[in-house]
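K.L.:
Going line by line, the protein sequences match chains A and B. Quick note: the first sequence uses the numbering used here, first residue 1168, plus one each step. Quick note: the second sequence uses the numbering used here, first residue 5, plus one each step. All C-beta atoms in this analysis are idealised placements derived from N, C-alpha and C, irrespective of residue type, glycine included.
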Amino acid sequence: MTNTTRNLLLYTLICLISLLAPHLAPAFRVQMALLWMMILFALTWDLGGGQMGYNSFGNIVFFGIGCYVAAVVQRDLFFAVEGQSQATGDLATSSPLFNYFNGLAVGLALAVIIAVAVAAGLGSGILGLRGQYFAICTLGVGIAAGEIASGWGYIGAGSGMVAPIFPGGPGQNATFFYYFFFALAVTCFFTLKRLYASRFGLAINAIRDDEDKAEAMGIHTTRYKTIAWCISAVFLALAGGAFGHLNNFIDREVAFPGITFGVWMVLMAILGGKGTLWGPVIGATIFHATQELFWTYLLGWQRVALGLLIVVIVVFFPLGIMGWLRSRWPERFGETVDLEARAAPISLGETR
Amino acid sequence: MTPILDVRDVTKAFGGVIANDGITLKVPQGAIIGLIGPNGSGKTTLFNSIVGYHPIDRGSIWFDGREISRLRVPQIARLGLLRTFQQTRIYGKMSCLENVQISVPHVHEGLRTMLSPYPSEVTERAEGLLEFVGLYPKRHLRGGEMSFGQQKLLELAMALMNQPKVLLLDEPTAGISPVLINSLMERLKRINADLGVTLFVIEHNMRVIMNLAQHIYCLAHGQLLAEGPPEAIQTDQRVIDAYLGAR
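#1: Tell me the DSSP secondary structure of T1260/A in three-state form.
#2: To the nearest angstrom, how far is the alpha carbon of I1488/A from that of L1438/A?
#3: With a cut-off of 8 Å, do at least 3 Cβ pairs link the region 103-111 of chain B to the region 1354-1372 of chain A?
#4: Could you say which of G1408/A, I1477/A, G1446/A and F1484/A lies nearest to G1233/A if we only look at CA atoms?
#5: Judging by CA-CA distance, which residue of P1337/A, R1297/A, Q1241/A and T1342/A is the nearest neighbour of D1377/A?
#6: Determine the DSSP secondary structure at P32/B, reduced to helix, strand or coil.
#7: Just tell me which of G148/B, D245/B, R74/B and I60/B has its CA closest to the CA of Q101/B.
#8: Could you tell me whether the Cβ atoms of M189/B and V170/B are closer together than 8 Å?
#9: Excluding the 5 residues preceding and the 5 following L39/B in the sequence, name in chain order all residues of the same chain whose CB lies nearer than 6 Å to its CB.
#10: Considering only C-alpha positions, which residue in the set S124/B, I195/B and G138/B is nearest to S181/B?
#11: State the start and end residues of the unbroken beta strand (DSSP E) segment that holds R1419/A.
#12: Drop a sphere of 10 angstroms on the beta-carbon of H58/B, count the other beta-carbons inside from all chains shown, and report buried for 16 or more, exposed for fewer.
#13: Quick one: grab the DSSP three-state call for K142/B.
#14: Spatial neighbours of C1304/A within its chain, please: C-beta separation below 6 Å, excluding the five flanking residues on both sides.
#15: Tell me the residue span of the alpha helix (DSSP H) that contains K16/B.
#16: Please list the partners that T127/B has in chain A, where partner means a Cβ-to-Cβ separation under 7 Å.
#17: Below 7 Å between beta carbons is the criterion; list the residues of the region 1459-1477 of chain A that meet it against any residue of chain B, in chain order.
#18: Count the other CB atoms within 10 Å of the CB of E231/B; is the residue buried (16 or more) or exposed (fewer)?
#19: Whole alpha helix (DSSP H) runs in the region 1206-1256 of chain A with 4 or more residues, listed along the chain?
#20: Go through its chain and collect everything with a Cβ distance to I1206/A's Cβ below 6 Å, but skip five positions before and after it.
#21: For D1257/A and chain B, any beta-carbon pair shorter than 8 Å?
#22: Rounded to the nearest angstrom, how far is the Cβ of F1208/A from that of W1431/A, given a contact under 8 Å?
#23: For P32/B, which option in E125/B, L223/B, W66/B and G26/B has the closest C-alpha, if you only look at C-alpha atoms?
#24: Taking buried to mean at least 16 other C-beta atoms within 10 Å of its own C-beta, is T202/B buried or exposed?
#25: Under three-state DSSP, which class holds A1468/A?
#26: Span of the alpha helix (DSSP H) holding A224/B?
#27: Please classify T1255/A: is it buried, with 16 or more other beta-carbons within 10 angstroms of its beta-carbon, or exposed?
#28: Going straight from the alpha carbon of R1366/A to that of I106/B, what length do you get?
#29: Does T177/B come out as helix, strand or coil in the three-state DSSP assignment?
#30: Using a Cβ cut-off of 7 Å, pull out every chain A residue sitting near Q105/B, in sequence order please.
#31: What would DSSP say about M210/B, mapped onto helix, strand or coil?
#32: Can you list the residues of chain B that K1533/A reaches, using a CB-CB cut of under 8 Å?
#33: Relative to chain B, which residues along the region 1383-1396 of chain A have a C-beta separation below 8 Å, given in chain order?
#34: One question on the structure: do P1331/A and F1246/A come within less than 8 Å of each other, judged by their Cβ atoms?
#35: So that I know if they touch, is there some Cβ in chain B lying closer than 8 Å to that of S1185/A?
#36: If you run the structure through DSSP and keep just helix, strand and coil, what is E1498/A?
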């Protein structure tokens, strides 16, 4: 009981601070919105990389799909060429506010559908690969997606696309997207928390520990792996769609930032502790804060400092912060350290 | 009795090494059948062939009235033909209880079942099985923390959770503390009699297999050397020669 109350208190506190944050520090709204996005990145990456043991460097593809699909929907369906809308008088009569949010909703829904379809299609092809082969393959997929985006005229090719301007006063989009990313990351956290306690959670853990055994026990391994990837894709597509709108401009560097977001999502999950629920949240928070500080105080050397941070993470925290805490104080993390149980002799006497 | 598992003329070669050469054997429904033979005689290869771990070169394998020679490992497992491993295989970072929970049969599994928590019956049954193999006090420990023999018992509980029709056991008593072997044997007999699981057992401990099995097949150099009831096998000169290395 005390545990549940403590958790409830913790969640309430975090939510309260987060809800008030944009009013307390309005100058940092975009940074804080991106913090929630980073948390979402780390959480969705950990679903595959930590809980299932499938290290993917290609999750950024779903993010990019979200970016582009949401922007294309706005451009083609809701903010069609100005002249045309004025001529028909059709779109001009409806308010831009209505258009913008309707377009965003439809765009995000379509982004999710397409991203999940791509995840399922790609997954059935490459989730059969194991270990580093899978990792390399996803890396290739990520690069290929960027190349396609930069060569496809319909989505602006090299010159990129522009998302519609946020209706409302200056700076209001930052507040809107702060709450959007906050809600999305929180939804993602609790969805995963629930899933990890289900048959799905145990099945992907089993795949991580010994996939051959899981197959020998009849677990539908491919089905579970594909579902895991699709769940990642849902949240990443939503994040991508919103990020494209927040950023206003979209090109391959924004939509498929393999060497920044793509690598960071892996690092943040590892820093916090792979295969734990809170690890990615903690890792993302620390990473994002440190990274912003580097940009502010070590300008010119920020990339070097970031590189050193990555080295320190990998060398000194191979198990991540959660892993390190857990090995220091195992009993606080639900580990059984009951020496009696460990030493208990096995008896096969008449038990039942 | 109709055989539930019917191996017909199975041949499997790895390069130039013929690991199984025209093996034919039958496992009747509800029986306990033994498989013995010196090291390298092809026992584990035969198990691997049966459960679809690798394609066979010749022959066919029938299970419960249908041919399974071309099916893949998980498909065969879902039909109810399960094996345990000689080198134990358990999920090391998961607790014993979770190891058993996730081993429920995966035959009819929709998206709803996949994404919802385990019902309490499953947990109770898992705990019951851990009790059955004597690991109940250790149910919250991680699988990887346990000794080899304990992992062997855990693997047995996992296999039972899957409710197989036939269970292929690869050396179930290897690595088990000698004082537990008799009770483990009694457990295996109860699995067979009470739960109705047909057992096909590879075993090196002659005392165990002679006591357990009703019928024994002996392999040597990839070929079927002899078969018969335990008493006949024990006195068969060819079997003794194969084991003791007489020519």
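P.N.:
For this structure:
#1: Here the model assigns T1260/A a pLDDT of 42, short of 50, so the residue's position is not dependable and the matter cannot be decided.
#2: 6 Å
#3: yes
#4: Ranked by Cα distance from G1233/A, the options G1408/A, I1477/A, G1446/A and F1484/A are led by G1408/A.
#5: R1297/A
#6: strand
#7: The sequence given here has Leu at residue 101/B, not Gln. For L101/B, the nearest C-alpha among the options comes from G148/B.
#8: no
#9: Correct list, in chain order: K47, I206 and Y221.
#10: Just measuring C-alpha positions, the residue of S124/B, I195/B and G138/B sitting nearest S181/B is G138/B.
#11: Note, R1419/A: premise wrong, no beta strand (DSSP E); alpha helix (DSSP H) at R1419 to A1422.
#12: exposed
#13: helix
#14: I1293 and L1296
#15: Per DSSP, K16/B belongs to no alpha helix (DSSP H); it is in the beta strand (DSSP E), P7 to F18.
#16: Simply none; closest approach about 11 Å.
#17: Those residues of the region 1459-1477 of chain A that come within reach of chain B (Cβ to Cβ, closer than 7 Å) do not exist; the list is empty.
#18: With 16 or more Cβ atoms within 10 Å of its Cβ, E231/B is classed as buried.
#19: 1227-1240 and 1249-1255
#20: A1352, V1448 and A1451
#21: Residue placement at D1257/A is flagged as unreliable, the pLDDT there being 48, under the threshold of 50; a coordinate-derived value is accordingly withheld.
#22: 7 Å
#23: W66/B
#24: buried
#25: The identity of residue 1468/A in the sequence shown is Trp, whereas the question assumes Ala. W1468/A: coil per DSSP, three-state reduction.
#26: Not the alpha helix (DSSP H): A224/B falls in the beta strand (DSSP E), residues H219 to A224.
#27: Bear in mind that the predicted position of T1255/A carries a pLDDT of just 46, short of 50, making it too unreliable to give a figure here.
#28: So the alpha carbons of these two residues sit roughly 7 Å apart.
#29: coil
#30: L1369
#31: helix
#32: This structure does not reach residue 1533/A, given that chain A is present from 1168 up to 1519, and the question cannot be answered.
#33: A1383, M1384, G1385, I1386, H1387, T1388, R1390, Y1391 and I1394
#34: yes
#35: Not flagged as an interface residue toward chain B: S1185/A, since no C-beta distance is shorter than 8 Å.
#36: helix
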